[in-house]
Each structure stands twice: as structure tokens, then as C-alpha cells.
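This report concerns only the one structure given below.
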Amino acid sequence: MKKTIFVLAIATLIGGTVLTSCQSSSQKVDSAQHDVIMAKFDLHDAKLEYQTDIDNLKKVTAEKIAANDKILAEFDARIETQKVATKADYKKKVIELEQKNSDLKMKMANYKEQGKENWEKFKADFNKSLDELAKAFKGLAVLNTK
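Just so we're aligned, residue 295 is where the sequence shown starts under the working numbering, counting upward by one.
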């Protein structure tokens, strides 16, 4: 009798374990599916944020380059009244700045999406170049006041 109860208890324990493990596998599948769905949402959000960042930099860059073009046009008109000796020097500087401005415009237009890490590097380099160009424009304004 003791042996029968012992065998029955073990059989019940094994049966309970099998049923419990089946249920937890189902729960694991549900949890994994939920995790996949959440990961897809996170990926979509990250891609959207990345694209928004690119679009914002393109917009800001276009505005700065347009402002630079306007400054160059105004400065170009003002140097016409300068002496011949200084006019040539100013013209040379204006041409250099126009070229740098154009190069930055092309660099931004030709940017191909290559992932977040490459974007961060590109953005840092591009902003550095844009800042250097802004300093050059300030230097041009200083030359004009002399």
C-alpha cells in the first residue's frame, strides 16, 4: 500500500510538473512576442528620431548657408566702392568663402544615411566646418570695417 501511494504521489508530481512547464512555455512565448513587439516600436521610434535629426540639421544648414549667401552678396556689392588694391584682396576672400559655403551645401546634400554612429560623426564634423565658416565670415566683417 505504501508503495502504491508513493508511486501515485510521484506520478502526480511528474504530471503536475509537465503541466506547469507547458504553461510556463506558453507564458514565455507570450512574453517573447510582447518583447518583440516592443522592440519593433523602439526601433521605429529610434529610426524616426534619427530621420528627424537629419532633417533638422539639413533645415538649419540650409538657413545658415542662405544667410551666408546673402552676406556674401551684400559684401560683394560693398567692395565695389573700395580701392583697387584692397578690392582684389576682398574679392579673393569672397570667392574662397563662396567655395567653402558651396562645399558645405554639397556635403549635406550628398549625405547618405549610414547608421546612427556614422551620422553622429558626420554631424560633429559638419558642425565644426560650419562653425569655422561662421568665424571666417566674422573675419570678413572685421576686414570690411577697417
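Yeah, the Cβ is synthetic: ideal placement off N, Cα and C, and Gly gets one too.
Just curious, the alpha helix (DSSP H) that residue 380 is in, first and last residue?
-> 378-403
Using the Cα positions of residue 332 and residue 324, report the straight-line distance between them to the nearest angstrom.
-> 12 Å
According to the neighbour-count rule (16 or more other Cβ atoms, all chains shown, within 10 Å of its Cβ), is residue 373 buried or exposed?
-> buried
Return yes when the Cβ of residue 370 is within less than 7 Å of the Cβ of residue 388, no when it is not.
-> yes
Among 430, 421, 337, 426, nearest to residue 352 - alpha-carbon criterion = 421
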